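A.B. asks:
Protein chains: 2
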Amino acid sequence: MDPDLKRSLDRVFHPASAAIVGVSERMDNPGTLFLRAFQDMGFEGRLYPVNPRHGEIMGLRCYPDIGSVPEGLDLVILAVPPAAVPGLVRECAASGVGVCVINTAGFSETGREEGRRLELEIMQARRGSGLRLVGPNCMGIFSSRGKTALFAGMFPTPGRASMISQSGSLSSITYVTALERGLYFDKIVSSGNELDLNCSDYLAYLAEDDHTGIILAYLEEVRDARRFLDKAVKIRGRKPLIVFKSGLTASGSSAAASHTAAMGGSAEVLAGAARQAGMILVHDLAEMLDCATALYHLPPCAGGRVAIVSAPGGLAVNCADAVEWHGLELASLRDETREELAGFLPAEGTSFSNPVDLGFGAVIPGNYLKALRILDGDPTVDVMITVGTAPASRDGDIGLIAAITDEMLEARSVISKPLVSVLFPSAFTSTHMAKLHAAGIPAYTTPTAACFALRAYLDFHRQAGEGAGTAE
Amino acid sequence: MDPDLKRSLDRVFHPASAAIVGVSERMDNPGTLFLRAFQDMGFEGRLYPVNPRHGEIMGLRCYPDIGSVPEGLDLVILAVPPAAVPGLVRECAASGVGVCVINTAGFSETGREEGRRLELEIMQARRGSGLRLVGPNCMGIFSSRGKTALFAGMFPTPGRASMISQSGSLSSITYVTALERGLYFDKIVSSGNELDLNCSDYLAYLAEDDHTGIILAYLEEVRDARRFLDKAVKIRGRKPLIVFKSGLTASGSSAAASHTAAMGGSAEVLAGAARQAGMILVHDLAEMLDCATALYHLPPCAGGRVAIVSAPGGLAVNCADAVEWHGLELASLRDETREELAGFLPAEGTSFSNPVDLGFGAVIPGNYLKALRILDGDPTVDVMITVGTAPASRDGDIGLIAAITDEMLEARSVISKPLVSVLFPSAFTSTHMAKLHAAGIPAYTTPTAACFALRAYLDFHRQAGEGAGTAE
Numbered sequence: 001m002d003p004d005l006k007r008s009l010d011r012v013f014h015p016a017s018a019a020i021v022g023v024s025e026r027m028d029n030p031g032t033l034f035l036r037a038f039q040d041m042g043f044e045g046r047l048y049p050v051n052p053r054h055g056e057i058m059g060l061r062c063y064p065d066i067g068s069v070p071e072g073l074d075l076v077i078l079a080v081p082p083a084a085v086p087g088l089v090r091e092c093a094a095s096g097v098g099v100c101v102i103n104t105a106g107f108s109e110t111g112r113e114e115g116r117r118l119e120l121e122i123m124q125a126r127r128g129s130g131l132r133l134v135g136p137n138c139m140g141i142f143s144s145r146g147k148t149a150l151f152a153g154m155f156p157t158p159g160r161a162s163m164i165s166q167s168g169s170l171s172s173i174t175y176v177t178a179l180e181r182g183l184y185f186d187k188i189v190s191s192g193n194e195l196d197l198n199c200s201d202y203l204a205y206l207a208e209d210d211h212t213g214i215i216l217a218y219l220e221e222v223r224d225a226r227r228f229l230d231k232a233v234k235i236r237g238r239k240p241l242i243v244f245k246s247g248l249t250a251s252g253s254s255a256a257a258s259h260t261a262a263m264g265g266s267a268e269v270l271a272g273a274a275r276q277a278g279m280i281l282v283h284d285l286a287e288m289l290d291c292a293t294a295l296y297h298l299p300p301c302a303g304g305r306v307a308i309v310s311a312p313g314g315l316a317v318n319c320a321d322a323v324e325w326h327g328l329e330l331a332s333l334r335d336e337t338r339e340e341l342a343g344f345l346p347a348e349g350t351s352f353s354n355p356v357d358l359g360f361g362a363v364i365p366g367n368y369l370k371a372l373r374i375l376d377g378d379p380t381v382d383v384m385i386t387v388g389t390a391p392a393s394r395d396g397d398i399g400l401i402a403a404i405t406d407e408m409l410e411a412r413s414v415i416s417k418p419l420v421s422v423l424f425p426s427a428f429t430s431t432h433m434a435k436l437h438a439a440g441i442p443a444y445t446t447p448t449a450a451c452f453a454l455r456a457y458l459d460f461h462r463q464a465g466e467g468a469g470t471a472e
Numbered sequence: 001m002d003p004d005l006k007r008s009l010d011r012v013f014h015p016a017s018a019a020i021v022g023v024s025e026r027m028d029n030p031g032t033l034f035l036r037a038f039q040d041m042g043f044e045g046r047l048y049p050v051n052p053r054h055g056e057i058m059g060l061r062c063y064p065d066i067g068s069v070p071e072g073l074d075l076v077i078l079a080v081p082p083a084a085v086p087g088l089v090r091e092c093a094a095s096g097v098g099v100c101v102i103n104t105a106g107f108s109e110t111g112r113e114e115g116r117r118l119e120l121e122i123m124q125a126r127r128g129s130g131l132r133l134v135g136p137n138c139m140g141i142f143s144s145r146g147k148t149a150l151f152a153g154m155f156p157t158p159g160r161a162s163m164i165s166q167s168g169s170l171s172s173i174t175y176v177t178a179l180e181r182g183l184y185f186d187k188i189v190s191s192g193n194e195l196d197l198n199c200s201d202y203l204a205y206l207a208e209d210d211h212t213g214i215i216l217a218y219l220e221e222v223r224d225a226r227r228f229l230d231k232a233v234k235i236r237g238r239k240p241l242i243v244f245k246s247g248l249t250a251s252g253s254s255a256a257a258s259h260t261a262a263m264g265g266s267a268e269v270l271a272g273a274a275r276q277a278g279m280i281l282v283h284d285l286a287e288m289l290d291c292a293t294a295l296y297h298l299p300p301c302a303g304g305r306v307a308i309v310s311a312p313g314g315l316a317v318n319c320a321d322a323v324e325w326h327g328l329e330l331a332s333l334r335d336e337t338r339e340e341l342a343g344f345l346p347a348e349g350t351s352f353s354n355p356v357d358l359g360f361g362a363v364i365p366g367n368y369l370k371a372l373r374i375l376d377g378d379p380t381v382d383v384m385i386t387v388g389t390a391p392a393s394r395d396g397d398i399g400l401i402a403a404i405t406d407e408m409l410e411a412r413s414v415i416s417k418p419l420v421s422v423l424f425p426s427a428f429t430s431t432h433m434a435k436l437h438a439a440g441i442p443a444y445t446t447p448t449a450a451c452f453a454l455r456a457y458l459d460f461h462r463q464a465g466e467g468a469g470t471a472e
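First to last, the sequence lines map onto chains Z and D.
Residue 1 is where the first sequence starts when you use my numbering, and the numbers rise one by one after that.
Residue 1 is where the second sequence starts when you use my numbering, and the numbers rise one by one after that.
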């Protein structure tokens, strides 16, 4: 990639120094929230609050303006009224600042002439300098190793996922709910209106970033679409790229315009481009996290022959449907496998074909684990889905779910094949889902969701097997 | 409906007397579990355990056989080995029993000749008598007012939903997870292999049952399909009928055969029939409960113009897409509404068109409620969806979600229009979802799920408006 762009984005994600303009003593002031967010992360660079009316804020010396900060800054966060932004960008450009994150909203996304005029002024203000801009109308940067954050209460847990999000709140919802699924981020950029740096720039950077193993993108408008696709093709089969594109309908597109001044786009064009570039296209946050969880946790996999292990028979049938709906294949178990299963399971209310239905055999401790070990040894099986561990009554079977969860956790350490779980959401299941995720077993709420995610996961590994895209 | 059939099904759901054959002192014995299930419900009829080797079980006098029970029985549950069933059915027929629930599995669903032969013997055994059969390979009957249960740990909470399920475990999962969504059942029948009484019989009964306001059906094979459709057409616009049909693919159909000996069926034929009969067709348990929750909780509604109130902008755009994907319409808010919203919300990072984006205005107490009241008064709006109440950080915004949930609960009592909520699932949100459900506010995990359910809900009320089907 372009070395100047790379240097700018290195400074974005690993700033040695950062200033925040717009801090005050009010704790709900956006600038002050950024200060708290950086402190929560244990930011290790130099941190400079800027406000001419204060001598000190949150234990840090306060500077009257950018020019008086005693060093060249990698990063400046602007959390000030819109009209003040162009002047501050000019000041940053003059002081040799690397990157401005413009948190401020109230620009082209308002649909007002004034907003568009201010954006033009901002671009004029940086002209001729090396200053690059993130935003405006964004939450900025999370960097696990750079120790910067979008919001207070984020933590520098190491992770292999990175995210580009044109919505700040969506990046934060994704961060929080992903970590409950055992999925941690290395980098997140909330890119807002993308006046200067855009999703294609970020993708170019993440594509070559050794700490990013999987990329999530929430996009309302793909700026520089040809370049974005170009980058996507280059990482095909090397790094999964999951794209949640919104604004695909007339209603959504008009909502996107007032959210980030986005121009929408055609669903058909996008689907075609996704196929070509091997991107994983999803339609909501649930699908995005479902796919990401499979791709994050599961080992590489060569084939799509699925074995289902179930206790609730109805959900097993539904799962067999879902397997076929998503272009996967039910494994035809070998005879030895059926015989081994018949050796310890009841003869009635069970099935030793695929789906394997444990029936009431599921309540006998160790049977889930036995079945999984047998299927792990059957060469006709590539992937395993366990379905159920169903609550049989309002208070009856909590012990059963706990026991079966424990067997799956035990299975994870003795079996070699990818394993996912389907647990229908209930007050009984959420803690067990959290345990499964922590052990690297993706858990889904329906067979449909599990098979959708497995499809994306298997497609990626098939592409990887076919010969991945090459780095620039 | 046929008066003999009605009388039999009255005895199924409101038995004055019931015997359970196959009880023992082992607490995990299926017959003993039924005994416990009836006792948990506070069954008010006479209850007779049958076992020649015991004098008393769980405080009840035990009888050696059906013939020695001192009255004509409404209901007999058989939980005995398959080979013993034909003889017992003959005994029941001779003793004038109303209905046998055959819990036993091991018949045609095994694919073995022996299983099919036993089923023929059972049908011969009842010939010439008025005895009807539920099952075999089923969990039997839950009746809230009849105080019978499928499983131990069920409770006679009054409800307006009823269910037909060819899977016993699926009926129990639905029961448990539905009650967490504030949705309670009057009747559930787990119908198993449907050797005698079938889903069309149950539908005929529930169609005319005054205590059933909404019908859920999990079906692997629709026996007597023409009659089933006939009944469905008759309740079109009067009672929502939600059909979760599995076994629609070759894989699913073969799994269904070994589960309940079902014959599968074509997805296309089913979809056509559903359109004609006004049935709501769903593809998994999540969709079934999503639709049921909307139809159970929300008041009648005449139009499909949706207003969205959101704080996370990305999810608002996604929700606008979902509205259009599901054939709903974004309301064009009147000017007065926009002005009222602008009167108390920040000018930046917000939107006063639809979706209404509260932006950081969401954190100010009372703003969600204010926005909902304003939209409730706007005649361009038929239905409202709130999106978000997002966790902004791992520990930061629990208070915010709680506050916004409280505002929605307050809104429910002062607004008149249907209101649903979208909360992305997280450890933070589950208790709030439970609170919303308890207050009759359906809560969904994605905009897509919410709009899918609203589509089903609005279709039903449109049919109701067009003139509903008529009772027999």
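For glycine and all other residues, C-beta sits at the position ideal for the given N, C-alpha and C.
Bear in mind the structure is a predicted one, so any value in this text is a computation, not a measurement.
Can you find at least 3 beta carbon pairs, one from the segment 135-146 of chain D and one from the segment 188-204 of chain D, that sit closer than 8 angstroms?
C.D. replies: In short, these stretches touch, since the Cβ pair count reaches three.
A.B. asks: Could you confirm whether any beta carbon from chain D is found closer than 7 angstroms to the beta carbon of His-297 of chain Z?
C.D. replies: For His-297 of chain Z, the nearest beta carbon of chain D is not closer than 7 angstroms to its own beta carbon.
A.B. asks: Just the chain D side, please: which residues come within less than 9 angstroms of Asp-378 of chain Z by C-beta, in chain order?
C.D. replies: What Asp-378 of chain Z touches in chain D: nothing, since even the nearest Cβ is about 17 angstroms away.
A.B. asks: Does the beta carbon of Thr-174 of chain Z come closer than 7 angstroms to any beta carbon on chain D?
C.D. replies: no
A.B. asks: To which residues of the same chain is Ile-308 of chain D closer than 7 angstroms at the C-beta, ignoring the five residues directly before and after it?
C.D. replies: So the list reads Ala-316, Cys-319, Ala-320, Asn-354, Pro-355, Val-356, Ile-385 and Val-387, once near-sequence residues are dropped.
A.B. asks: If you drop the 5 nearest sequence neighbours on each side, which residues of the same chain put their C-beta closer than 8 angstroms to that of Asp-395 of chain D?
C.D. replies: Only weak support is given to the placement of Asp-395 of chain D: the predicted model assigns it a pLDDT of 45, under 50, and the value that follows is read from those uncertain coordinates. So no residue of the chain qualifies.
A.B. asks: Residues in the same chain with beta-carbon distance under 8 angstroms from Gly-465 of chain Z, minus the five sequence neighbours each way, listed in chain order, please.
C.D. replies: When the five nearest sequence neighbours on each side are left out, the beta carbons in the same chain lying within less than 8 angstroms of the beta carbon of Gly-465 of chain Z are those of Gly-237 and Ala-302, in order along the chain.
A.B. asks: Looking at the unbroken beta strand (DSSP E) that takes in Ile-415 of chain D, where does it start and where does it end?
C.D. replies: For Ile-415 of chain D, no beta strand (DSSP E) run applies, since DSSP gives it neither H nor E.
A.B. asks: Out of curiosity, what's the CA-to-CA distance linking Glu-336 of chain Z and Asp-40 of chain D?
C.D. replies: If I take the Cα positions, the gap works out to 43 angstroms.
A.B. asks: Buried or exposed, going by whether 16 or more other CB atoms sit within 10 Å of the CB of Leu-120 of chain D?
C.D. replies: exposed
A.B. asks: Determine the chain Z residues that contact Tyr-218 of chain D at a beta-carbon separation under 7 angstroms, and present them in chain order.
C.D. replies: Gly-314
A.B. asks: Rounded to a whole number of angstroms, what is the C-alpha to C-alpha distance between Ala-105 of chain Z and His-437 of chain D?
C.D. replies: Straight-line Cα distance between these residues: approximately 35 angstroms.
A.B. asks: Return the Cβ separation of Tyr-175 of chain Z and Ile-164 of chain Z in integer angstroms, given the expectation that the two are a contact with Cβ distance under 8 angstroms.
C.D. replies: Wrong, their Cβ atoms sit about 13 angstroms apart, outside the cutoff.
A.B. asks: State yes or no: is the C-beta of Ala-261 of chain D within less than 7 angstroms of the C-beta of Ser-416 of chain D?
C.D. replies: Taking 7 angstroms as the Cβ cut-off, Ala-261 of chain D and Ser-416 of chain D do not qualify as a contacting pair.
A.B. asks: Can you tell me where the beta strand (DSSP E) holding Phe-244 of chain D begins and where it ends?
C.D. replies: 241-245
A.B. asks: Between the Cα of Leu-78 of chain D and the Cα atoms of D:Ala-274, D:Gly-247, D:Leu-33 and D:Gly-72, which residue gives the shortest distance?
C.D. replies: D:Leu-33
A.B. asks: Name the chain Z residues whose beta carbon is nearer than 9 angstroms to that of Thr-386 of chain D?
C.D. replies: Simply none; closest approach about 14 angstroms.
A.B. asks: Nearest to Val-527 of chain D by CA position, among D:Arg-11, D:Leu-203 and D:Ser-253, is which residue?
C.D. replies: Outside the shown range of chain D (1 to 472) lies residue 527 of chain D, about which nothing can therefore be said.
A.B. asks: Return the first residue and the last residue of the beta strand (DSSP E) that Arg-132 of chain Z is part of.
C.D. replies: 132-134
A.B. asks: Entirely within the segment 127-187 of chain D and at least 4 residues each: give me those alpha helix (DSSP H) ranges in chain order.
C.D. replies: Counting only runs of at least 4 residues, the segment 127-187 of chain D fully encloses the following alpha helix (DSSP H) elements, listed from N- to C-terminal order: 168-180.
A.B. asks: State the Cα-Cα distance for the pair Lys-239 of chain Z and Cys-291 of chain D, rounded to the nearest angstrom.
C.D. replies: 37 angstroms
A.B. asks: If we ignore side chains and look at the alpha-carbon of each, how far apart do Tyr-202 of chain Z and Leu-9 of chain Z end up?
C.D. replies: Answer to the nearest angstrom: the Cα atoms are 8 angstroms apart.
A.B. asks: If you measure beta-carbon to beta-carbon, which residues of the segment 237-271 of chain D are closer than 7 angstroms to chain Z?
C.D. replies: If the cut-off is 7 angstroms between Cβ atoms, the segment 237-271 of chain D has Ser-246, Gly-247, Leu-248, Thr-249, Ala-250, Ser-251, Gly-252, Ala-255, Ala-256, Ser-258 and His-259 near chain Z.
A.B. asks: Assess, as a yes-or-no matter, whether the segment 325-336 of chain Z is touched by the segment 372-381 of chain Z under the definition of 3 or more beta carbon pairs within less than 8 angstroms.
C.D. replies: yes
A.B. asks: May I ask which residues mark the beginning and end of the alpha helix (DSSP H) holding Arg-36 of chain Z?
C.D. replies: 30-41
A.B. asks: Beta carbons nearer than 7 angstroms to chain Z: which residues of the segment 314-333 of chain D have them?
C.D. replies: Near chain Z, meaning a CB-to-CB distance below 7 angstroms, the residues of the segment 314-333 of chain D are Gly-314, Leu-315, Ala-316, Val-317, Asn-318, Ala-320, Asp-321, Val-323, Glu-324, Trp-325 and Leu-330.
A.B. asks: Spatial neighbours of Phe-460 of chain D within its chain, please: C-beta separation below 8 angstroms, excluding the five flanking residues on both sides.
C.D. replies: Gly-237, Pro-240, Gly-278, Ile-280 and Leu-295
A.B. asks: Taking C-alpha atoms, which residue in Z:Ala-347, Z:Thr-429, Z:Val-422 and Z:Ala-331 lies nearest to Val-381 of chain Z?
C.D. replies: Z:Ala-331
A.B. asks: According to the Cβ coordinates, are Pro-159 of chain D and Phe-142 of chain D closer than 7 angstroms?
C.D. replies: Here residue 159 of chain D is Gly; the residue named in the question, Pro, does not match the sequence. Not closer than 7 angstroms, so no.
A.B. asks: Count the other C-beta atoms from every protein chain shown that fall within 10 angstroms of the C-beta of Ala-322 of chain Z, then say buried if there are 16 or more, exposed otherwise.
C.D. replies: buried
A.B. asks: For chain Z, is any of its Cβ atoms less than 7 angstroms away from the one on Pro-355 of chain D?
C.D. replies: At least one beta carbon of chain Z lies nearer than 7 angstroms to the beta carbon of Pro-355 of chain D.
A.B. asks: Measuring CB to CB, does Leu-341 of chain D end up less than 7 angstroms from Gly-361 of chain D?
C.D. replies: no
A.B. asks: Based on Cα-Cα distance, which residue from D:Ala-255, D:Ala-273 and D:Asn-29 lies nearest to Asn-491 of chain D?
C.D. replies: Here chain D covers residues 1 to 472 and nothing more, so residue 491 of chain D does not appear.
A.B. asks: Does Leu-512 of chain D come within less than 7 angstroms of chain Z when only Cβ atoms are used?
C.D. replies: As displayed, chain D neither begins before 1 nor continues past 472, which places residue 512 of chain D out of reach and without an answer.
A.B. asks: Answer yes or no: do Ala-267 of chain Z and Leu-285 of chain Z have a C-beta to C-beta separation smaller than 7 angstroms?
C.D. replies: no
A.B. asks: Within 7 angstroms (strictly less), CB to CB, does Ser-393 of chain Z reach chain D?
C.D. replies: With a pLDDT of 44 at Ser-393 of chain Z, under the threshold of 50, the modelled position of this residue cannot be trusted, and the question is left open.
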